Structure formats: structure tokens, C-alpha cells
Amino acid sequence: MDVLHSRVGSVHLIQLRGRLDALSVERLSAELMPLTELPSHRIVVALGELQSITSIGLRLMLRVARESRLRGGGFVLCELQGFVLEVFETSGFLDILPIEPGRDEAIERMSAPRSGG
Amino acid sequence: MYRTNDRPPAGPLAILTLQHTALVMVFMVYPVAIAQAIGLAPAETGAFLAATLFACAVGTLVQVLRTPWGSGQLGVLIPTPVMMPALIHIGSLGGLPLIAGFAWMLAASELVIARLLPRLKICFPPEVCGVVIIGLGLAIGPTALMQFTGSVTASDTSIDPLHLLVAGLTLASVIGATLFAGGRLRLVAVGIGLIVGSLAGVSLGLTPSQALDRLQNLPWFGMPNLNMMALSVDVSLLPIAVLLALIACIDNLGAQVGIQRLVDPRWRSIDFRQGSGSVQANAAGDLTAGLISGMPVGLSSSHVGLMFATNAAARIIAPCTAALLVIAAFMPRLIEVLSLIPRPVIGALMVYTAAYLIVSGMQLTQSRLLSDRRMFTVGLSLVVGLMPLALPDLKAGLPDSLQALYESSLSMSAITAIGLTLLFRIGIRNHARLPSDLDPADFEALSDFFLRMGRLWGAQRDLIMRATRATGEAVEAFALQGIRREAIDCELQFDEDTLNVILRYRGPVLECPERRPPAASALDDDHHLALIAGHLVRRSVDELLQSSEPDGQNHQLTLRFEH
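These protein sequence lines map, in sequence, to chains A and B.
Just so we're aligned, residue 18 is where the first sequence starts under my numbering, counting upward by one.
Just so we're aligned, residue 6 is where the second sequence starts under my numbering, counting upward by one.
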């Protein structure tokens, strides 16, 4: 899996490509978890180019969302589509994670004052 | 789009019915050609044409009856060009009675073949059906282009500019209406082309003035003088009847695939119950033809093209078309009007239809993963299908029984595709075990293995992707339960209907709950996450089977996917 990390203003934009599973989850965790420790962090994870995700990948997303919330930061997922969207729906994670349809909406949500996840 | 059970409003229904009926009239040139070739008198010709219209109507009506009688789909029967050479030969031997007897032999052969069709499923994987549909398009091509350019024979070197102008105008009208018109206009794009082209053709003098004069003298209504039960049977013609029935069935199934794909966007493989019904409807048409001395009929691929072009597959169109065909049989003047559609207009509509069919067939050949064997099957079949078009004179050197086969590029490509499919099945096992040196937790390796086997078996790409993902999820769930990779054995079993992924493992049973576990429990511990993984696995398969050895340690998890 490829992880592309960039900044849009104060927002950390993480784009994922490939497959998020047991083999790749550690690498993404090493990228995301330190971000949740930054004060007032704002994180957008774009899944538009992610081909598939397993339950272990879902757990990481849930863990990052929880850590971010506990530390007063902001975290949102976006661009869910195809099989990835199907997995989020089937597992029920669609209902408990902060999600925006598009990247622009997600960045706007994270850029807004007092925005949270 | 008007689907199978939709009821279009009266206006569109009337236009669609007229389009289908008019297209049948286009194919009435074949019985006319037979009548001329065997020297029928004008009265006999009229009766032959009227009887053929009745046969088309009966076949179309039975076609739309639900299985097991018909296919339950809209499908119009027409006089088929593939029968023409044999019928001219038979008609010159014994006139209409021998043709009528031959029609009954055809019907009997088709009824037997219809019963056998489900068992012939292995002969008709999607790439063969795709080749058949491309073959249908290619088979229409030469006639279509001759009509389009105004050529009289295939070797004609001149192009008639008037023909080309009218044909181009017709085609441009159809394409323009399809691309740029919205709503109902798009639905009747072919009809618009027909009207624009016909008006242009008549005004430019493409319809002979004597034909228009003859039309004036014909009565609106007249009772056709049908030859009831005037048939003679020559048993020596039975082998030709069986061969032609087989070709008709392949043609029929090719058209059926087109219809099934149109009405079901998620079409995966041919529905042989409908296929059998469709061949039975063909037999009903041929029985009728035999009974009243008409020309044997077949399911029209051009009408399937029309259904694609108009995006209308409503069953109700069938009885309306059948009714109009019967009425037409009693209306000499109407038959004449429809027969006067200028040749280039017919050519343009046939070119449009051929283009639709060829592209549709190409898509179908790509709908499953193609191994080298399957690529050869598709490629070689199409090359063989081009033989009658590229080397038409070879036919003369063939035995009589093979000449009808060589007549049709469709039959040549279809029979080659079926033959190669059966030949290339030799030596392919329908099960495979993941090599022990491959780590099932390595998704790329797992995916490569599944794809390799999928190509060999000709599985659908989507099916292989689903199976790979579900297996990957199951392997992760095993890991979450502490089951070591070495304790997992993975086997694939494939047939035309299902793909089974059999996972044998040692350790605690993997739970795959029907009910969705709370998503938030994923953070609790690995066991809860394994439950979520098990639920995802269950939801991603068509059927999930679990069994355990009496020792309680060895288990089998079968993930079943419908093809």
C-alpha cells in the first residue's frame, strides 16, 4: 500500500493507494498515530484510490478516530467508494466514523474553526 | 428503457410495433427470392409469403410465452437467410410440398435439440456466446454494405452515389437521434431514420414508378389462399434438416444471449431454460410453416439489434407485432408498401444493427478472464468465421451437406468456438490447491494464484476478485484467532455454476455471525475483531458452509460463489 502525506493549510492530507490489511496496517499506523499526538491536529484520510480494506484496517481507522477525539483534534475520512464503501457499510463502520463524501468537503470541515471529528 | 414486463404507453408501443413489423417485412425478401428461384406462380408466391408471415406471428407469440413453452422474452421470428440455399435446392426438387415437409423435419429436430440444450452448457461459455454475437454482426455485414452502397453483387466494383447519399442520410438520422435527441425521440431513433431515409429515397426516385403503380392496383384486404397440409416428406433430407436445425439453434441462442443481456444488466451466463423455450418457439414457427406451406423461420438477431437500439424489450410488443403480421398477411397493399422501403435505407439500418452486435459481442468475450486457450478460441473462431466472407468460392468444392454450413460465417465461427472450447478443456482440472510455499496471508500471492486459476477456468473477473477478498479476510480472521499460517490449507473448486474456496484449518472454530457485531467492539480485543471479520466473510459470499472433525480441532470453511 502507498501512503502519500501532504499538507493543505493546517490539514494533514493522507492519501491511501492499494490494499489496507494486516501486512500494511503497521506502516499506516506509524504514519497516523503520531499525528494524533500533535496539538489541534486536523487529519483527512482520502480512500479514493484504496482498492480494498480488511477488518484490521477498519480497526486502525476507529483507533485513530478515538485517539484524535480524546486529544481534541479532528479526523475525517473521505472518498469512500466501490468495494471499500461496501466494507464500511457491511461492517457498520460507516455509522460510527466521521466521513465526508469528497476531499474538498473533508478539508473544509477540518479547516473550519472548532471543527471536530 | 422498457423492460420485459413494462407496458409502454400507446404511442411508443405503436411505433415500436411498427418498427418490429417493418423489420420483419425487410426479411420477406428471402421468401420472395426463394419463390423466384423455384419458379412459383404469382398466386403461389402470395400464399407462400402470407404463410411465412403466419409462421413468424406464431413463433413470435410462442416465444413470448413463459418457460417451459417459450422464452418469456420479446423475440421476433423472421425468415432466416441461413435456410435460403437449402430451401431453394429442396424447392427445386419437390416444390412447396417438399419445403413444407422439410419444415416439419426442422421443427422435430429443433424440439429434440431444445431438450438437450441445458446439457450443452459447457459448450456455451460467455466467450463463445460473444463470438456468436460478433459472428451475427459480421454475417449481416456484407448484405448490409451491399444495400448501403447500392452494389448488386459482392464483386460489384461500382458505388451508386444516390444509394450512398440516402443510406448516409438514414444512418446520420439514426445516430443523430440516438446521440442528441432525448426522451422518446431517442427511443424511436431507428424509426426516424426509416422515415427520413424512405422519404429521401422515394423523392430521389429510388422506388420504381411501376412499383408505385402496381401498389395503386392492389386491394387493401384480401384472403390469402393458403396450402393447408400439402406436404411431402423425403427422409433422405433428414441429415440436412438436423444440421440446419443445429445451426438455427446456435443462431437462436446467440440472439437469446443478446436479449438476456439487454434485459439483465448483471447478466452472467446464458439462461438455458429460456434458451430451450426460445428454440421451442422456433420449432412452433417451423411447424406452422410446414402446416400452411410457408418458409421456416428463426429468431431474428436484427430485431435484437432493434431492441438494443430502441432500448425496449417489453413483452407486450410481441403480441402486437404478431397481430400486425397476421393482419399484414391479409393486406396485400400493406405488404407491398413495406416491401418498397428503399434498399439503401435497409442497408443503413442493417449497418447500424451490425455495429451494435459486434460491439456487444466484443464486450461479452471480455466479460470473463481469458487464458491463452480462451484467447485462441475467440481469435481463431473469428478468423474461421471470416472464411465465407473472404473466400466465398471455396464453397463450391465442399460436399453438399457442408455447403449450408459454409454459407454462414456465423455458423463457421460458432462451431469453431464450440469445438475449440471442448478441445481446450482437455487436461484442465477443475480444482487447485494453493501451493504450500505460498503464504495465504500474502494477499498479492493469493491474488495472483486466484487470477491464474480464474484465467484457466474462464471465471468472471468480478467473481475472482470477490473470492480473493473474502479469502483474504478469512485468513486475517484466522490470524486474529491465533491460528498459524501453516495450519491453513486452501483449495479452489470450479464449475460453470460455482466457485468454492475450501479453507481447512486447525484451531478454534472461526465464528461467522449472521448478525452484525457492534462496530465499536473492534477496539475491545482480537476476538471481537475476528467476529467482525467473520461477519464480513459471511456477507461477501453467496453461501458459507462450515464443518468440523470429531476431534474438534480440524475444521473446514467453504466460501461458495455463484458464477
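Each residue gets a CB set at the ideal place from its N, CA and C atoms; glycine is no exception.
Bear in mind the structure is a predicted one, so any value in this text is a computation, not a measurement.
Min CB distance residue i to chain A below 7 Å
i, result
"ARG543 of chain B", "no"
"ALA538 of chain B", "yes"
"PHE448 of chain B", "yes"
"LEU304 of chain B", "no"
"ALA177 of chain B", "no"
"LEU534 of chain B", "yes"
"ARG521 of chain B", "yes"
"GLU516 of chain B", "no"
"GLU548 of chain B", "no"
"GLU412 of chain B", "no"
"ALA294 of chain B", "no"
"GLU491 of chain B", "no"
Close beta carbons around residue i, own chain, < 7 Å, minus the five adjacent residues each side
i, result
"THR326 of chain B", "THR22, HIS25, THR26, THR65, VAL81"
"SER214 of chain B", "none"
"ALA82 of chain A", "PHE92, LEU114, PRO115, GLY134"
Close Cβ partners of residue i (< 6 Å) along its chain, the five nearest in sequence each way excluded
i, result
"ILE351 of chain B", "VAL31, GLN152"
"ILE488 of chain B", "TYR510, GLY512"
"SER306 of chain B", "LEU141, ALA260"
"ALA38 of chain B", "none"
"THR563 of chain B", "ASN505, ILE507, LEU550"
"ALA56 of chain B", "LEU231, ILE297, SER298, GLY299"
"TRP272 of chain B", "GLN265, ARG266"
"CYS495 of chain B", "LEU439, PRO445, LEU508"
"MET458 of chain B", "ALA437, LEU497"
Through-space distance from residue j to residue i, alpha-carbon basis
i, j, result
"VAL356 of chain B", "ARG266 of chain B", "21 Å"
"ALA353 of chain B", "LEU362 of chain B", "14 Å"
"GLY259 of chain B", "ARG471 of chain B", "28 Å"
"GLY133 of chain A", "PRO56 of chain A", "Bear in mind that a pLDDT of 45 at GLY133 of chain A, under 50, signals an unreliable position, so the model cannot answer this."
"ALA401 of chain B", "SER413 of chain B", "14 Å"
"VAL42 of chain A", "PHE566 of chain B", "28 Å"
"LEU345 of chain B", "ASP165 of chain B", "18 Å"
"GLU103 of chain A", "LEU242 of chain B", "59 Å"
"THR503 of chain B", "LEU443 of chain B", "24 Å"
"ALA525 of chain B", "ASP500 of chain B", "40 Å"
"GLY155 of chain B", "PRO349 of chain B", "7 Å"
"ILE83 of chain B", "THR50 of chain B", "17 Å"
"LEU329 of chain B", "ARG466 of chain B", "44 Å"
"GLY100 of chain B", "MET233 of chain B", "14 Å"
"VAL268 of chain B", "VAL195 of chain B", "19 Å"
"LEU209 of chain B", "ASP218 of chain B", "17 Å"
Residue-chain proximity (residue i, chain B), Cβ-Cβ < 7 Å
i, result
"ILE70 of chain A", "no"
"LEU37 of chain A", "no"
"ARG76 of chain A", "yes"
"LEU45 of chain A", "no"
"SER41 of chain A", "no"
"ILE113 of chain A", "yes"
"THR107 of chain A", "yes"
"GLY134 of chain A", "Model confidence at GLY134 of chain A stands at a pLDDT of 46, short of 50, so the residue's coordinates are unreliable and nothing is read from them."
"ILE124 of chain A", "no"
"LEU79 of chain A", "yes"
"PHE92 of chain A", "no"
"ILE60 of chain A", "no"
"ILE116 of chain A", "no"
"ILE73 of chain A", "yes"
Cutoff 8 Å; reference residue i; Cβ partners in own chain excluding five residues on either side
i, result
"ALA527 of chain B", "HIS533, LEU534, ILE537"
"PHE455 of chain B", "ILE469, ALA472, THR473, THR476, LEU497"
"GLY77 of chain B", "THR9, VAL69, LEU70, ARG71, GLN279, GLY282, ARG320"
"ARG430 of chain B", "ILE127"
Min CB distance residue i to chain D below 7 Å
i, result
"ALA472 of chain B", "Reference to chain D is not applicable here, since the protein chains of this structure are A and B."
(request) Determine contact between the segment 104-120 of chain A and the segment 54-74 of chain A, defined as no fewer than three beta-carbon pairs at a distance below 8 Å. (result) yes
(message) I'd like the ranges of any alpha helix (DSSP H) spanning at least 4 consecutive residues and lying wholly in the segment 49-118 of chain A.
(response) 72-87, 99-108, 110-113
(message) I'd like the ranges of any alpha helix (DSSP H) spanning at least 4 consecutive residues and lying wholly in the segment 200-283 of chain B.
(response) 214-222, 243-268
(message) As an exercise, report each continuous beta strand (DSSP E) stretch of at least 3 residues that is fully enclosed by the segment 493-519 of chain B, in chain order.
(response) 493-499, 503-511
(request) Check whether the segment 325-339 of chain B touches the segment 98-107 of chain B, counting contact only when three or more Cβ pairs, one atom from each stretch, lie closer than 8 Å. (result) no
(message) Would the segment 98-117 of chain A count as touching the segment 45-57 of chain A if we require 3 or more Cβ pairs under 8 Å?
(response) no
(request) Decide if the segment 281-293 of chain B is in contact with the segment 61-78 of chain B; the criterion is three or more beta carbon pairs, one per stretch, under 8 Å apart. (result) yes
(message) For the segment 425-436 of chain B against the segment 119-139 of chain B, do three or more pairs of beta-carbon atoms, one drawn from each stretch, fall closer than 8 Å, so that the two count as touching?
(response) yes
(request) Please determine if the segment 364-379 of chain B and the segment 169-177 of chain B are in contact, where contact requires at least 3 C-beta pairs separated by less than 8 Å. (result) no
(message) List, from N- to C-terminal side, the beta strand (DSSP E) runs of 3 residues or more that fit wholly inside the segment 294-320 of chain B.
(response) 302-304
(request) Starting from the N-terminal side, write out each stretch of the alpha helix (DSSP H) that is 4 residues or longer and does not extend beyond the segment 62-136 of chain B. (result) 89-121
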